[in-house]
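Participant:
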Amino acid sequence: MSRVKVHFLAEDLLVEAPIGTPLADIATAAGADLTFGCRSGSCGTCRVRLAGEPGACSPPTAEERDYLAGLQAPPEERLACQVRVLGDLTVDALGV
Ligand code: FES
648 MSRVKVHFLA EDLLVEAPIG TPLADIATAA GADLTFGCRS GSCGTCRVRL
698 AGEPGACSPP TAEERDYLAG LQAPPEERLA CQVRVLGDLT VDALGV
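The numbering used here numbers the first residue of the sequence shown as 648 and each following residue consecutively.
1) Using 8 Å as the threshold, is the C-beta distance between M660 and A679 below it?
2) Say yes only if the C-beta of S705 is nearer than 7 Å to one or more non-hydrogen atoms of the ligand FES, and no if none qualify.
3) Taking 8 Å as the CB-CB cut-off, is A664 touching chain B?
4) State yes or no: is the C-beta of V738 within less than 8 Å of the C-beta of S705?
5) Taking the beta carbon of T675 as the centre, do at least 16 other beta carbons fall within 10 Å, making it buried, or is it exposed?
6) Identify the continuous beta strand (DSSP E) that holds A657 and give its terminal residues.
7) I'd like the list of long-range same chain contacts for L749, defined as Cβ closer than 7 Å, with 5 residues on each side in sequence excluded.
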């Protein structure tokens, strides 16, 4: 199975995981300093800024799109609880 590399900027933590793994699972397993609340795309606690090649993460879910549209967030901002990692990514935690 192909693997991806995820770099958590705040901790300068670089981890590998199977492609398609939820970002929340990667963060939790790695001990990254990302906080989760609802895990359903409605509270914004897990807001992050992602950097990577196009297609490096799953497209936004409807719940995520609605939440981020309300904030007028730029496209690189995502809700970590809604993201599956499909390519190498850098993660910068923003919170609420
Ligand atoms: S944990 Fe609430 S939006 Fe992700």
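No residue lacks a Cβ here, since even glycine has one placed at the ideal position from N, Cα and C. Computed from a prediction, not measured in an experiment: that's the story for all the values here.
Facilitator: According to the structure data:
1) With the sequence shown as reference, residue 660 is identified as Leu, and Met is not the correct amino acid for it. In this structure, A679 lies closer than 8 Å to L660 by Cβ.
2) no
3) Given the protein chain composition of this structure (a single chain), no chain B is represented.
4) no
5) exposed
6) No beta strand (DSSP E) holds A657; DSSP gives it neither H nor E.
7) Residue 749 lies beyond the range of the chain shown here (648 to 743); nothing can be said about it.
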